[in-house]
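A.B. asks:
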Amino acid sequence: DLGYINGKFVQLDERVIPIEERGHQFGDGVYEVIQCYNGQPFMLEEHLQRLLESCEAIKLPISETLEDFRTLILTGIEKAELQYGKVYLQVTRGIAVRNHPFPDVPVSISMTLKDTEPLAEGYRVNGVHAITHDDERWAKCYIKSLNLLPNILAKQEAQEAGCFEAILVRNGFISEGTSSNIYMVKDGAVITTPLSNHILAGITRMAVIQAAEELNIPFVERYFSPKELLEADEVFMTSTLVEVLPIVKIDGTVIDKGVPGEITKKLYMQYQELKK
Ligand code: PDD
Numbered sequence: 002d003l004g005y006i007n008g009k010f011v012q013l014d015e016r017v018i019p020i021e022e023r024g025h026q027f028g029d030g031v032y033e034v035i036q037c038y039n040g041q042p043f044m045l046e047e048h049l050q051r052l053l054e055s056c057e058a059i060k061l062p063i064s065e066t067l068e069d070f071r072t073l074i075l076t077g078i079e080k081a082e083l084q085y086g087k088v089y090l091q092v093t094r095g096i097a098v099r100n101h102p103f104p105d106v107p108v109s110i111s112m113t114l115k116d117t118e119p120l121a122e123g124y125r126v127n128g129v130h131a132i133t134h135d136d137e138r139w140a141k142c143y144i145k146s147l148n149l150l151p152n153i154l155a156k157q158e159a160q161e162a163g164c165f166e167a168i169l170v171r172n173g174f175i176s177e178g179t180s181s182n183i184y185m186v187k188d189g190a191v192i193t194t195p196l197s198n199h200i201l202a203g204i205t206r207m208a209v210i211q212a213a214e215e216l217n218i219p220f221v222e223r224y225f226s227p228k229e230l231l232e233a234d235e236v237f238m239t240s241t242l243v244e245v246l247p248i249v250k251i252d253g254t255v256i257d258k259g260v261p262g263e264i265t266k267k268l269y270m271q272y273q274e275l276k277k
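Residue 2 is where the sequence shown starts when you use the UniProt record's numbering, and the numbers rise one by one after that.
Listed below in C-alpha cells is the structure:
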C-alpha cells in the first residue's frame with residue numbers, strides 16, 4: 002500500500018494534509034476509483050476523462066493533462082507493486098486559509114494505492130439485498146464530487162437493515178445506488194436509468210452496455226419506478242469495485258426466484274472477458 006500527495010509518494014498513515022485544505026474543510030474536490038487487475042488499471046482512459054470532466058464542472062484549474070495523470074497512476078502502481086487492488090485519486094482546490102471564494106493556490110492531487118481482496122464469493126453466488134431510499138442529493142450527481150454525505154447516510158441505513166446497497170429514488174423513479182448504477186431485466190431486456198445530471202455516468206455502466214451488445218442482449222435506457230423494480234425478472238448493480246453484482250431482495254421483497262438471474266450472470270462473465 003502506498004500514498005501520494007502533491008509530488009511525493011508517502012506512507013498511507015503519514016500526516017500530510019494541513020487542517021486548512023479545501024477538500025477537508027469544504028469537500029471542494031473530485032475523485033476517481035480505479036480497479037487494478039494483474040497490475041493494469043482497468044478502463045484508465047475512461048476514468049481519467051471523467052476526472053477531467055469533473056474538474057471542469059467544478060472549475061478546478063488543473064494544469065495536469067490526461068497523460069500526466071496516466072503517468073502518475075502507472076508510476077504509483079509500479080512503486081506500490083500493485084497487482085490486484087484499487088487506486089483512489091483525488092483533486093481538490095488546494096491549501097488556503099478557510100474562505101468560501103476560490104483561493105489563488107495550486108490544486109492538491111493525492112492518491113492511495115491499496116492491495117484489495119476480490120468481493121466475497123458469497124455475494125456473487127447468492128446475490129445481495131438492498132433497500133430503497135429517497136435520493137436526497139444535489140442536482141449535479143454527474144460530477145464525481147467529494148461531497149458524499151447523502152450517499153453515506155443512505156448506505157449506513159442499508160447496512161443497518163442488513164443490506165448491501167441503498168437504491169436511490171428521485172421523483173418516483175430509480176436514479177442509482179449510493180455508489181453504483183442500478184439495472185433491471187424484464188422480458189429479456191436490460192433496462193437502466195438514462196444519463197442525466199442526476200446520476201453518475203458509471204465506467205462499469207459503459208462496459209456493461211458493451212458487454213450486452215456483444216451478447217446481443219437488448220439494452221434500454223429509460224426511467225423505471227420502484228414498483229417495476231420489485232416486479233423485475235432480475236436486478237443488478239454495477240461499479241468499479243463490485244463489477245456486476247446481482248440484487249435478489251429489495252425492501253424485503255424477493256426479486257423473481259430470489260437467486261442471481263441468467264442475464265446478470267452472462268453480463269458478469271462477459272465483463273470478465275473485457276478485463277483480459
Ligand atoms: N463509486 N454512482 C455513484 C454514485 C458512484 O459513486 C459510483 C462509483 C457509481 C459507479 O461508477 P463506476 O462504474 O465508474 O465505478 C455510480 C465509487 C466506486 C466509489 O465512490 O467508491
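Backbone N, C-alpha and C define an ideal beta-carbon position, used for all residues, glycine too.
Since the structure is predicted, the reported quantities are computational estimates derived from the model, not experimental observations.
Looking at the structure shown, is A131 part of a helix, part of a strand, or coil, going by DSSP?
C.D. replies: Note: A131 maps to strand in three-state DSSP.
A.B. asks: Which residues share a DSSP beta bridge with Q91?
C.D. replies: Y32 and S111
A.B. asks: For S146, list the residues DSSP reports as bridge partners.
C.D. replies: V31
A.B. asks: Relative to the C-alpha of residue 1, which candidate in L275, I6, K115 and E229 has its C-alpha closest?
C.D. replies: This structure leaves residue 1 out entirely; the chain is present only between 2 and 277.
A.B. asks: Are Y269 and V243 touching if we call contact CB-CB under 7 Å?
C.D. replies: no
A.B. asks: Please report the residue range of the alpha helix (DSSP H) in which T205 lies.
C.D. replies: I204 to E215
A.B. asks: Need the endpoints of the beta strand (DSSP E) that L13 sits in, please.
C.D. replies: DSSP places L13 outside any beta strand (DSSP E), giving it a letter other than H or E.
A.B. asks: Specify, as a first and last residue, the run of the beta strand (DSSP E) that M185 falls within.
C.D. replies: Unbroken beta strand (DSSP E) run through M185: N182 to K187.
A.B. asks: Run the CB neighbour count on E161, radius 10 Å, all protein chains shown included, and call it buried at 16 or more, exposed below.
C.D. replies: exposed
A.B. asks: Would you mind giving the Cβ-Cβ distance between G203 and T239, rounded to the nearest angstrom? I have them listed as a contact below 8 Å.
C.D. replies: That pair is a contact at about 6 Å.
A.B. asks: Please identify the residue among K266, Q50 and L13 whose C-alpha is closest to the C-alpha of I144.
C.D. replies: Q50
A.B. asks: When you measure from the CB of S64 to every non-hydrogen atom of the ligand PDD, does any distance come out below 6 Å?
C.D. replies: no
A.B. asks: Name the residue from T133, G86, A97 and P102 whose alpha carbon lies nearest to the alpha carbon of E118.
C.D. replies: G86
A.B. asks: Under 8 Å, with one C-beta from each stretch per pair, do the region 184–200 and the region 212–226 reach the 3-pair mark?
C.D. replies: yes
A.B. asks: Where do the ends of the alpha helix (DSSP H) carrying K266 lie?
C.D. replies: E263 to L275
A.B. asks: With H, G and I counted as helix, E and B as strand and the rest as coil, what does DSSP make of Q84?
C.D. replies: coil
A.B. asks: If V31 sits next to T241, beta carbons under 8 Å apart, how far is it from one beta carbon to the other, in whole angstroms?
C.D. replies: V31 to T241, Cβ: 15 Å. No contact.
A.B. asks: Among F43, F103 and F220, which residue has its Cα nearest to the Cα of K277?
C.D. replies: F43
A.B. asks: In whole angstroms, give me the CA-to-CA distance for P219 and E158.
C.D. replies: Whole-angstrom Cα-Cα distance: 34 Å.
A.B. asks: Indicate, with yes or no, if the ligand PDD has a heavy atom lying under 6 Å from the CB of S240.
C.D. replies: yes
A.B. asks: Is the beta carbon of E166 closer than 7 Å to that of A131?
C.D. replies: yes
A.B. asks: Nearest by alpha-carbon distance to M112: which of R71, V98, F103 and K141 is it?
C.D. replies: R71
A.B. asks: What are the boundary residues of the beta strand (DSSP E) that includes R171?
C.D. replies: Note, R171: beta strand (DSSP E), E166 to R171.
A.B. asks: Over what stretch of residues does the beta strand (DSSP E) that includes S176 continue unbroken?
C.D. replies: Bounds of the beta strand (DSSP E) holding S176 are F174 to G178.
A.B. asks: For my contact list, E22 and I96 are in at a C-beta cut-off of 8 Å; report their separation, rounded to the angstrom.
C.D. replies: 5 Å
A.B. asks: Consider the C-beta atom of V34 and the heavy atoms of the ligand PDD; say whether any pair is separated by less than 6 Å.
C.D. replies: yes
A.B. asks: Can you grab the Cα-Cα spacing for the pair I78 / R16, in whole Å?
C.D. replies: 21 Å
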